[in-house]
Amino acid sequence: MTKLNILYEGKAKILYETNVSNELIQFFKDDATAHNAQKLEIINSKGIINNYISEYIMNFLGKKGVDNHFIKRVNSREQLIRKVKIIPIEFVVRNFAFGSIIKRYNLSKEYKFKKPLIELFLKKDELNDPLINDDLIVELGWVNRSELEDLKNKALIINEHLVNLFSKINIELIDFKIEFGKTVNDNENKLILADEISPDNCRLWDKNTKKNFDKDIFRNNTGDLIEGYQEIVKRFEIKIES
Numbered sequence: 394m395t396k397l398n399i400l401y402e403g404k405a406k407i408l409y410e411t412n413v414s415n416e417l418i419q420f421f422k423d424d425a426t427a428h429n430a431q432k433l434e435i436i437n438s439k440g441i442i443n444n445y446i447s448e449y450i451m452n453f454l455g456k457k458g459v460d461n462h463f464i465k466r467v468n469s470r471e472q473l474i475r476k477v478k479i480i481p482i483e484f485v486v487r488n489f490a491f492g493s494i495i496k497r498y499n500l501s502k503e504y505k506f507k508k509p510l511i512e513l514f515l516k517k518d519e520l521n522d523p524l525i526n527d528d529l530i531v532e533l534g535w536v537n538r539s540e541l542e543d544l545k546n547k548a549l550i551i552n553e554h555l556v557n558l559f560s561k562i563n564i565e566l567i568d569f570k571i572e573f574g575k576t577v578n579d580n581e582n583k584l585i586l587a588d589e590i591s592p593d594n595c596r597l598w599d600k601n602t603k604k605n606f607d608k609d610i611f612r613n614n615t616g617d618l619i620e621g622y623q624e625i626v627k628r629f630e631i632k633i634e635s
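Residue numbers for the sequence shown, in our numbering: 394 to 635.
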C-alpha cells in the first residue's frame, strides 16, 4: 500500500488516495474547531488521541457486526480505510437533551429521552448544517427511503453498543454524531459506517461527577481538551505509542 495524492481535506482529517482503488489513508489533524469552524485552534496530539480512540471503537463495533470503513491503524496519525462515497447527512443520536436541541425546543437541560432520538442534519458548513427531513433526503437522491430507514436502524444499533461500551468505564453517552457512506470500486455499494467516532463527535460525561471529556471542553473554554480526551484513553486502557 502506497500513499498518493490528497483526495479530500476536512476540518479534522485528510484523506489520501492509495495504489489500491478501494482503500484510502485517513490522517487525523490536530485542528480543533467549533461553531462551524468559527473557532479554530491547533492542539498538539489531538489527532493522535482521536486516531487511537476511533480505532478502538471501530474495532469494537466491527466485532459487534457493525460494518464500517476501518481496516487497520497505519501509524499514530493514520488509518487505512475502505473508500466510500459519503452520504452528506449527519446522523445525530441523542440519549439526553443537551446542546442545540435545548434551545430549539426549549427542553430542560439533561432531559432523558424515553427512547433514543435521531436527528438528521445536512452536512454543509456554509448553511450551518441545517436540520433536514426524510422526504427531502429521498427527493435529493442521496439514498432511497428503504436505505434511509436502514441507516436509522444502524444508528440506533450503534447507539446501543456505544452506551454499553461507555457505561463499562462509567461514562454516560449523552449524544453523538456519525456519518455513513457507500463503498466504491468493490461491486457492492454497501452502506457502512464511516468517518470517526471519538470525543470530537460524542458528548461523554462521567456518570457520577457529570464532568465532560469531549469537545465541549474546547467549545465552551472549560478546561484542557487533551486532559479530557486522555481520560477516555486511560479508562479504555488504550496504549498509545510514544
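We put the beta carbon where it would ideally sit given N, CA and C, even for glycine. Given the structure is predicted, the values throughout are model-derived calculations rather than measurements.
Same chain only: Cβ atoms within 7 Å of residue i, ignoring 5 sequence neighbours per side
{"i": "Phe467", "result": "In the sequence as displayed, the identity of residue 467 is Val instead of Phe. Ile418, Leu473."}
{"i": "Leu515", "result": "Pro481, Ile482, Asp522, Pro523, Ile525"}
{"i": "Arg497", "result": "none"}
{"i": "Ile407", "result": "Ile399, Phe420, Lys422"}
Residues bridged to residue i [DSSP beta-bridge criterion]
{"i": "Tyr409", "result": "Ile399, Ile418"}
{"i": "Trp598", "result": "Glu565, Asn605"}
{"i": "Asn461", "result": "Leu586"}
{"i": "Val485", "result": "Glu512, Lys570"}
{"i": "Ile633", "result": "Its beta-bridge partners do not exist; DSSP assigns none."}
{"i": "Lys478", "result": "Lys575"}
Residue burial classification, residue i (beta-carbon count within 10 angstroms, cutoff 16)
{"i": "Ile399", "result": "exposed"}
{"i": "Lys561", "result": "exposed"}
{"i": "Pro523", "result": "exposed"}
{"i": "Gly458", "result": "exposed"}
{"i": "Gly534", "result": "exposed"}
{"i": "Tyr401", "result": "exposed"}
{"i": "Ala548", "result": "buried"}
{"i": "Asn444", "result": "buried"}
{"i": "Glu471", "result": "buried"}
{"i": "Tyr449", "result": "buried"}
{"i": "Ile435", "result": "exposed"}
{"i": "Tyr678", "result": "Not covered by the structure: residue 678. The range shown for the chain is 394 to 635."}
{"i": "Asp607", "result": "buried"}
{"i": "Asp460", "result": "exposed"}
{"i": "Met451", "result": "buried"}
{"i": "Asp588", "result": "buried"}
{"i": "Asn552", "result": "buried"}
{"i": "Asn605", "result": "buried"}
{"i": "Ser493", "result": "exposed"}
{"i": "Ala430", "result": "exposed"}
{"i": "Leu529", "result": "exposed"}
{"i": "Leu584", "result": "buried"}
Nearest neighbour of residue i, chosen from the options [CA to CA]
{"i": "Leu558", "options": "Trp535, Leu454, Lys505, Arg612", "result": "Leu454"}
{"i": "Asp609", "options": "Phe569, Ile407, Arg538, Asp579", "result": "Phe569"}
{"i": "Lys427", "options": "Glu624, Ile525, Asp593, Glu448", "result": "In the sequence as presented, Lys is not what sits at residue 427; that position holds Ala. Nearest of Glu624, Ile525, Asp593, Glu448 to Ala427, Cα basis: Asp593."}
{"i": "Phe463", "options": "Thr576, Asp543, Asp617", "result": "Thr576"}
{"i": "Gly403", "options": "Gly440, Glu416, Ser493, Ser414", "result": "Gly440"}
{"i": "Val626", "options": "Thr602, Leu597, Phe611, Asp423", "result": "Leu597"}
{"i": "Lys502", "options": "Ile619, Lys603, Lys406, Leu513", "result": "Lys603"}
{"i": "Glu540", "options": "Leu555, His554, Phe573", "result": "Phe573"}
Nonlocal neighbours in the same chain, by C-beta distance under 6 Å from residue i, ignoring five residues either side
{"i": "Lys600", "result": "Asn563, Glu565"}
{"i": "Ile633", "result": "Tyr445"}
Neighbourhood of residue i by C-beta distance below 8 Å, restricted to the same chain and skipping five residues each side
{"i": "Phe506", "result": "Arg487, Asn488, Phe489, Ala490"}
{"i": "Asn415", "result": "Arg475, Lys476, Thr576, Val577, Asn578, Asp579"}
8 Å Cβ cutoff, residue i in contact with chain C
{"i": "Arg538", "result": "Here there is only one protein chain, and chain C is not present."}
At what residue ranges does the stretch 487-532 contain a whole run of the beta strand (DSSP E), taking only runs of 3 or more? 505-515
Let me know the beta strand (DSSP E) ranges lying completely inside the stretch 427-458, each 3 residues or longer, listed in chain order. 432-435
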